[in-house]
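Enquirer: Each residue of the sequence shown is one higher than the one before, starting from 72 at the first, in the numbering used here.
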Amino acid sequence: MNDYFGNDRNVSLSEKPHPPQSDDVFIDTVHNVAMLKGRVKTKSTGDAASRLYKHGGLSLMEMLVPWIEIQPV
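1. Express the C-alpha separation of Val82 and Pro88 in angstroms, rounding to a whole number.
2. By the three-class DSSP mapping on this structure, what secondary structure does Tyr124 have?
3. Quick check on Leu107: does DSSP put it in helix, strand or coil?
4. In the DSSP assignment, find the unbroken beta strand (DSSP E) run with Asp95 in it and report its ends.
5. Can you tell me whether Leu135 is buried or exposed, with buried defined as 16 or more other CB within 10 angstroms of its CB?
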């Protein structure tokens, strides 16, 4: 997953059309994006190994629940 996502939590499928097969990857074909689920952490390899990815963003549920709550019925 590090090779595919790098330090990002999501990747456009138009840029990288073949996401890894994993339970930790959510593929949204409507928005053409692959994203990491939950609190999965990726880490850089090679020269960037000193820059470990720490979860500082929002998980998928933290992004969707507020949007669902404010969506008019």
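Note that the Cβ used here is the ideal one computed from N, Cα and C, for glycine as well.
Expert: Quick look at the numbers:
1. Answer to the nearest angstrom: the Cα atoms are 9 Å apart.
2. Model confidence at Tyr124 stands at a pLDDT of 48, short of 50, so the residue's coordinates are unreliable and nothing is read from them.
3. Correct three-state label for Leu107: strand.
4. No beta strand (DSSP E) contains Asp95, which DSSP labels as neither H nor E.
5. Exposed is the call here.
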